[in-house]
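S.K.: Just so you know, the protein sequences line up as chains A and B, in that order.
In this text, residue positions in the first sequence follow our numbering: the first is 63, and each later residue adds one.
In this text, residue positions in the second sequence follow our numbering: the first is 63, and each later residue adds one.
Quick one: the structure is below, and I'll ask about it shortly.
Protein chains: 2
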Amino acid sequence: MRDADLEEIRALSLFRDMDLDHFAELMRGAYHQSFPAQVTLIEEGRAADFLHIVTEGAVELFAGWKDRETTLAVARPVSTFILAACINDAPYLMSARTLVPSRIVMIPGSDLRMAFARDAAFAQAIVRELAGCYRSVVRHVKNIKLRTSKERLAAFFVSEAEKAGQKLTYDLPFEKRVLASYLGMTPENLSRALRQLKDDGVVVDGTRVTINDMKRLQEIALTGPLIDGSSFSANSAP
Amino acid sequence: MRDADLEEIRALSLFRDMDLDHFAELMRGAYHQSFPAQVTLIEEGRAADFLHIVTEGAVELFAGWKDRETTLAVARPVSTFILAACINDAPYLMSARTLVPSRIVMIPGSDLRMAFARDAAFAQAIVRELAGCYRSVVRHVKNIKLRTSKERLAAFFVSEAEKAGQKLTYDLPFEKRVLASYLGMTPENLSRALRQLKDDGVVVDGTRVTINDMKRLQEIALTGPLIDGSSFSANSAP
DNA sequence: CCCGTTGCTTGATCCAAGTCAAAAAGCCGA
DNA sequence: TCGGCTTTTTGACTTGGATCAAGCAACGGG
Numbered sequence: 063m064r065d066a067d068l069e070e071i072r073a074l075s076l077f078r079d080m081d082l083d084h085f086a087e088l089m090r091g092a093y094h095q096s097f098p099a100q101v102t103l104i105e106e107g108r109a110a111d112f113l114h115i116v117t118e119g120a121v122e123l124f125a126g127w128k129d130r131e132t133t134l135a136v137a138r139p140v141s142t143f144i145l146a147a148c149i150n151d152a153p154y155l156m157s158a159r160t161l162v163p164s165r166i167v168m169i170p171g172s173d174l175r176m177a178f179a180r181d182a183a184f185a186q187a188i189v190r191e192l193a194g195c196y197r198s199v200v201r202h203v204k205n206i207k208l209r210t211s212k213e214r215l216a217a218f219f220v221s222e223a224e225k226a227g228q229k230l231t232y233d234l235p236f237e238k239r240v241l242a243s244y245l246g247m248t249p250e251n252l253s254r255a256l257r258q259l260k261d262d263g264v265v266v267d268g269t270r271v272t273i274n275d276m277k278r279l280q281e282i283a284l285t286g287p288l289i290d291g292s293s294f295s296a297n298s299a300p
Numbered sequence: 063m064r065d066a067d068l069e070e071i072r073a074l075s076l077f078r079d080m081d082l083d084h085f086a087e088l089m090r091g092a093y094h095q096s097f098p099a100q101v102t103l104i105e106e107g108r109a110a111d112f113l114h115i116v117t118e119g120a121v122e123l124f125a126g127w128k129d130r131e132t133t134l135a136v137a138r139p140v141s142t143f144i145l146a147a148c149i150n151d152a153p154y155l156m157s158a159r160t161l162v163p164s165r166i167v168m169i170p171g172s173d174l175r176m177a178f179a180r181d182a183a184f185a186q187a188i189v190r191e192l193a194g195c196y197r198s199v200v201r202h203v204k205n206i207k208l209r210t211s212k213e214r215l216a217a218f219f220v221s222e223a224e225k226a227g228q229k230l231t232y233d234l235p236f237e238k239r240v241l242a243s244y245l246g247m248t249p250e251n252l253s254r255a256l257r258q259l260k261d262d263g264v265v266v267d268g269t270r271v272t273i274n275d276m277k278r279l280q281e282i283a284l285t286g287p288l289i290d291g292s293s294f295s296a297n298s299a300p
């Protein structure tokens, strides 16, 4: 693994405070691999063998039932995913696939649990991380259960703008079909919702989003830390 | 606090393995109070001051947005709730109200964080608990996003039957309007869904549920550990 | 440069679920 | 036991969003 990669990972709040030797040992047992787009990294139901970290690219976390499928989050660099299954040594609840060519670090679950047992700082970090993940999903549920699809889309635009550093023009971070699935609607419906929002000053041309009337959008979305926040990436580095 | 209560709490997986002295100390700083029905214990957005444990009664965890409201879970004895907010010292994401007269133990968040910092076994237990909570909410999202309301209701009946010890007749654990909200539908719709399920061998008379054709119901619900599981109580004692 | 693939949009239609209104059934407390 | 609650059910209607079926546009390989 390259030093630059190691530094990036070390900078994650999950690993920042742990003993340096423990960190080095954990990384010695880890694999860093490149994958092409559309590769299934994880299948739900399988035993959780590895903690994953995206260092480049993007990974979709999704779940299926009967013949339906929904995306629960998109992990973007640099962040970890499926920590909970891993730490509990339980089956994955989600599947994961690369959306674009990606590089993934995989840390064996047994190493992780060992480090967690003997490094108090690491244990603390894991707790904070898990609590953060939990709160993210709770926000996602609130988003889904309380807002209409148009409102969810508006909220998404607002929080993406915040994430892009208050810019009013930015690119969608991934395909619209993924966004639709994340927001709990069909691609057709997303398309229609986009057109509805045109009246509210949102122009979408291809992947480029331009917000002309942020105030209007915020009124629709009524964003706030209790429902929006970091609910997007499975868990991110603050 | 009565010894019986203390024992029940100690028996929770969260506290079971922690040092006995630490546990005693944690409990010394705790309050045990009785509340009538329909009392708001927690308001979302407020700072998380206390970890709560229901020892008797039932507590609804819900969230509001604009003029809408949805219930996210119902905590039944004996279980804790809002651990994540508490451990992160962050604002509550949910509100909580008693559904019936209830007894609640409240542990100051600062005591909790202190115990967590110096008791490794407790820290481990917290991690497992949080991971469990996280997985519960993930299942709830999958339930909402992947199943129709009829399927969700069927799934609910099946998993309640399991919880009641494979009994085919049992009582609903709370009012139908709460159930409706939990399942993400209106009371009217729940009523209709109940009537639909009559054709599939489910008889509901008042609060009494009787399942005549479990196989049929399981076909509709297609239950499994990846989507159903303990998603109901905020977090339970295994 | 063309052509196939893939992703996105559009329109027509359908259906699940929400809304509104009102009746029915429980559930107390006086 | 009788009103006066709340909860639940019902019916009629509306609507948000899904589905189905074409078009269209962009991209990449031959």
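Idealized CB from N, CA, C, for every residue including glycine.
Could you give the distance in angstroms between the alpha-carbon of Val271 (chain B) and the alpha-carbon of Leu234 (chain B)?
M.R.: 7 Å
S.K.: Within the same chain, show all residues whose beta-carbon is closer than 6 Å to that of Leu256 (chain B), passing over the 5 residues directly before and after it, in chain order.
M.R.: Val266
S.K.: Would Leu155 (chain A) and Arg197 (chain B) be called neighbours here (beta carbons separated by less than 8 Å)?
M.R.: A Cβ-Cβ contact shorter than 8 Å links Leu155 (chain A) with Arg197 (chain B).
S.K.: For a contact meaning CB atoms closer than 9 Å, what does Ala125 (chain B) contact in chain A?
M.R.: Val200, Val203, Lys204, Lys207, Leu208, Leu288 and Ile289
S.K.: So what does DSSP say about Asp275 (chain B), is it helix, strand or coil?
M.R.: In the three-state reduction of the DSSP assignment, Asp275 (chain B) falls in the coil class, being assigned neither a helical nor a strand state.
S.K.: For Leu241 (chain A) and Lys212 (chain A), what's the separation of their Cα atoms in angstroms?
M.R.: 13 Å
S.K.: What does a CB cutoff of less than 6 Å around Ser293 (chain B) pick up in its chain, not counting 5 residues either side in sequence?
M.R.: Summary for Ser293 (chain B): the model assigns pLDDT 45, below 50, so the residue's position carries little reliability; its value from the coordinates is reported in the next sentence. Answer for Ser293 (chain B): Ser198, Arg201 and His202, listed in chain order.
S.K.: Return the bridge partner residues of Ser157 (chain A) from the DSSP annotation.
M.R.: A:Phe124
S.K.: With a cut-off of 8 Å on the beta carbons, I'd call Ile282 (chain A) and Asp262 (chain A) a contact; round off their distance for me.
M.R.: Going by Cβ atoms, the distance from Ile282 (chain A) to Asp262 (chain A) rounds to 6 Å, so yes, they are a contact pair.
S.K.: Using the C-alpha atoms, what's the distance from Ser172 (chain A) back to Ala299 (chain B)?
M.R.: At Ala299 (chain B), the pLDDT of 38 sits below 50, so the modelled position is not reliable and the matter cannot be decided from this model.
S.K.: Mapping DSSP to helix, strand and coil, what is Glu118 (chain B)?
M.R.: strand
S.K.: By the three-class DSSP mapping on this structure, what secondary structure does Met168 (chain A) have?
M.R.: strand
S.K.: Distance check for Asp275 (chain A) and Tyr148 (chain A), CA to CA, integer angstroms please.
M.R.: Rather than Tyr, the amino acid found at residue 148 (chain A) in this sequence is Cys. So the alpha carbons of these two residues sit roughly 43 Å apart.
S.K.: To which residues does DSSP link Ser141 (chain B) through a beta bridge?
M.R.: Per the DSSP secondary-structure output, Ser141 (chain B) pairs in a beta bridge with B:Val116.
S.K.: Does Val220 (chain B) pass the burial test, meaning 16 or more other C-beta atoms within 10 Å, or should it be called exposed?
M.R.: buried
S.K.: Determine which residues of the stretch 99–110 of chain A have a Cβ less than 7 Å from any Cβ of chain B, and write them out in chain order.
M.R.: For the stretch 99–110 of chain A, which is checked against every Cβ of chain B, the residues closer than 7 Å are Glu106 and Gly107.
S.K.: Report the residue from A:Gly126, A:Leu245, A:Gln95 and A:Leu88 whose alpha carbon sits nearest the alpha carbon of Val167 (chain A).
M.R.: A:Gln95
S.K.: Where Ile34 (chain B) and Ala152 (chain B) are concerned, what is the direct C-alpha to C-alpha distance, given to the nearest angstrom?
M.R.: Residue coverage of chain B in this structure runs from 63 to 300, which leaves residue 34 (chain B) outside it and unanswerable.
S.K.: I'd like to know if Thr285 (chain A) contacts chain B, where contact means its C-beta is closer than 8 Å to some C-beta of that chain.
M.R.: Look at Thr285 (chain A): its C-beta is not under 8 Å from any C-beta on chain B.
S.K.: So, with DSSP's three-state summary, where would you put Glu213 (chain B)?
M.R.: helix
S.K.: Bridge partners for Gln95 (chain A) per DSSP, in chain order?
M.R.: A:Ile166
S.K.: Val101 (chain B) by DSSP, collapsed to three states: which one?
M.R.: coil
S.K.: With a CB to CB cut of under 7 Å and the five nearest residues on each side skipped, what residues in its chain are close to Tyr305 (chain A)?
M.R.: There is no way to answer for residue 305 (chain A), as the model of chain A reaches only from 63 to 300.
S.K.: Count the CB pairs spanning the stretch 85–101 of chain B and the stretch 65–73 of chain B that are closer than 8 Å, and state whether there are at least three.
M.R.: yes
S.K.: Could you give the distance in angstroms between the alpha-carbon of Gly286 (chain A) and the alpha-carbon of Ala217 (chain A)?
M.R.: Rounded to the nearest whole angstrom, the CA to CA distance from Gly286 (chain A) to Ala217 (chain A) is 9 Å.
S.K.: Mapping DSSP to helix, strand and coil, what is Arg130 (chain B)?
M.R.: strand
S.K.: How would you list, in chain order, the residues of chain B whose beta-carbon sits under 7 Å from the beta-carbon of Gly246 (chain A)?
M.R.: Result: Lys207.
S.K.: I need the straight-line Cα distance from Arg72 (chain B) to Arg78 (chain B), nearest angstrom please.
M.R.: 5 Å
S.K.: Give a yes or no on contact between the stretch 173–187 of chain A and the stretch 182–191 of chain B, applying the rule of three or more CB pairs nearer than 8 Å.
M.R.: The stretch 173–187 of chain A vs the stretch 182–191 of chain B: in contact.
S.K.: Please list the residues of the stretch 158–188 of chain A that have a C-beta atom closer than 8 Å to any C-beta atom in chain B, keeping them in chain order.
M.R.: Phe178, Ala179, Ala182, Ala185, Gln186 and Ile188
S.K.: Chain A partners of Arg197 (chain B), CB-CB under 8 Å?
M.R.: Ala146, Ala147, Asn150, Ala152 and Leu155
S.K.: Can you give me the C-alpha to C-alpha distance between Asp290 (chain A) and Arg130 (chain B), rounded to a whole angstrom?
M.R.: 16 Å
S.K.: Just the chain B side, please: which residues come within less than 7 Å of Arg190 (chain A) by C-beta, in chain order?
M.R.: Asn150
S.K.: Using a beta-carbon distance below 8 Å, is Ala193 (chain B) in contact with chain A?
M.R.: yes
S.K.: Grab the span of the beta strand (DSSP E) containing Asp233 (chain A) for me, first residue to last.
M.R.: Unbroken beta strand (DSSP E) run through Asp233 (chain A): Thr231 to Asp233.
S.K.: To be precise: take each residue of the stretch 130–145 of chain B, compare its Cβ to all Cβ atoms of chain A, and keep it if any distance is under 7 Å. Which residues remain?
M.R.: Arg130, Thr132 and Leu134
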